[in-house]
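Trainee: Below you will find the structure I want to go over with you.
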Amino acid sequence: MTNAGKKAVRDEARADAMDGDPIIRRGLMLILSSPSGAGKTTLTRDLLSDRALDLTLSISVTTRARRSSEVHGIHYNFVTKDDFLKLRDRDDLLEWAEVHGNFYGTPREPVDKVLSAGRDMLFDIDYQGTQQVLQKASGDAVTIFILPPSMKELKSRLERRAEDAPDVIAKRLDNARNEISRWPMYDYVIVNEDIQRALHEVTAIVVAERLKRTRSEASISRFVQGLLEE
Ligand code: 5GP
Numbered sequence: 537m538t539n540a541g542k543k544a545v546r547d548e549a550r551a552d553a554m555d556g557d558p559i560i561r562r563g564l565m566l567i568l569s570s571p572s573g574a575g576k577t578t579l580t581r582d583l584l585s586d587r588a589l590d591l592t593l594s595i596s597v598t599t600r601a602r603r604s605s606e607v608h609g610i611h612y613n614f615v616t617k618d619d620f621l622k623l624r625d626r627d628d629l630l631e632w633a634e635v636h637g638n639f640y641g642t643p644r645e646p647v648d649k650v651l652s653a654g655r656d657m658l659f660d661i662d663y664q665g666t667q668q669v670l671q672k673a674s675g676d677a678v679t680i681f682i683l684p685p686s687m688k689e690l691k692s693r694l695e696r697r698a699e700d701a702p703d704v705i706a707k708r709l710d711n712a713r714n715e716i717s718r719w720p721m722y723d724y725v726i727v728n729e730d731i732q733r734a735l736h737e738v739t740a741i742v743v744a745e746r747l748k749r750t751r752s753e754a755s756i757s758r759f760v761q762g763l764l765e766e
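Here is the structure:
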């Protein structure tokens, strides 16, 4: 390599380093799935409030009615069935599924933007959506399944939430057994007995996955080249 070439490599490695990390990589898709009531909403909220983790939530579109605690544009984008079908038919959704009798889907555009900027995105989606993402982008996805400590606890969490009607709770409990049986599809499985511990475990997964050689091979190679030329 010419001296000018070597300098260009060093400059590029330095520019990466100035962003805070000498290694640059594509963002990862952190997928969390669980049956309703396993504590995933709390876990998601706590993960997002950890500034150091710097995760961006993928905001799904849904035809489900808004719960009183939910805000349009923050928890979901609530849409009519007609609008949902239009988005789906225009191929604007990365994945979509019918869950508990409602439609849910992930808008494609924000995902492309966040990942290509090297930032990581958090997805709260079910196993059907996870399957579709794995078919399209398995290299970018890290999948985590959250289990409740017991069925009794799952039921009491659903009832404590008190935001859904009794028939909705019954339907969700019915579906929970089917959802739980999907755990073998996932990279990691966490039993959410204690929220702090589960949070610590998910954080550890994110930190380790970010350091995977295969996510940033070209950038490590440039960095090492610079190191060896010092
Ligand atoms: P909830 O109605 O309790 O907010 O969500 C019900 C289920 O739908 C949860 O298991 C959640 O993970 C799933 N879900 C939420 N958004 C999406 C989405 O965009 N795609 C898919 N496939 N599932 C979703």
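The number in my numbering is simply the position in the sequence shown, starting from 1, with 536 added.
Cβ coordinates follow ideal geometry from the N, Cα and C atoms, glycine included.
Every value quoted in this text rests on a predicted model; they were computed, and no experiment measured them.
1. Measuring only from the beta carbon, is Arg-600 closer than 7 Å to any heavy atom that is part of the ligand 5GP?
2. Would the beta-carbon of Glu-695 be found less than 7 Å away from any heavy atom of the ligand 5GP?
3. Let's test the definition: count the other Cβ atoms within 10 Å of the Cβ of Arg-550 and tell me whether it reaches 16, buried, or not, exposed.
4. Classify Asp-660: buried if its beta carbon has 16 or more other beta carbons within 10 angstroms, exposed otherwise.
5. Using CA atoms only, rank isn't needed, just tell me which of Thr-679, Arg-696, Gly-575 and Asn-638 is closest to Val-597.
6. Just checking, does the stretch 663 to 677 make contact with the stretch 571 to 579 on the three C-beta pairs under 8 Å criterion?
7. Taking the beta strand (DSSP E) that Asn-770 falls in, what are its first and last residues?
8. Within this structure, are the beta carbons of Arg-602 and Phe-620 separated by less than 8 Å?
9. Verify the contact flag: Gly-654, CB atom, against every heavy atom of the ligand 5GP, threshold strictly below 7 Å.
10. In this structure, what does DSSP give as the bridge partners for Val-678?
Mentor: In terms of the structure at hand:
1. yes
2. no
3. For Arg-550, the pLDDT reaches just 44, beneath the cut-off of 50, and the residue's location in the model is therefore unreliable, leaving the point undetermined.
4. buried
5. Asn-638
6. no
7. The question about residue 770 has no answer, for the chain in this structure spans 537 to 766.
8. no
9. no
10. Leu-566
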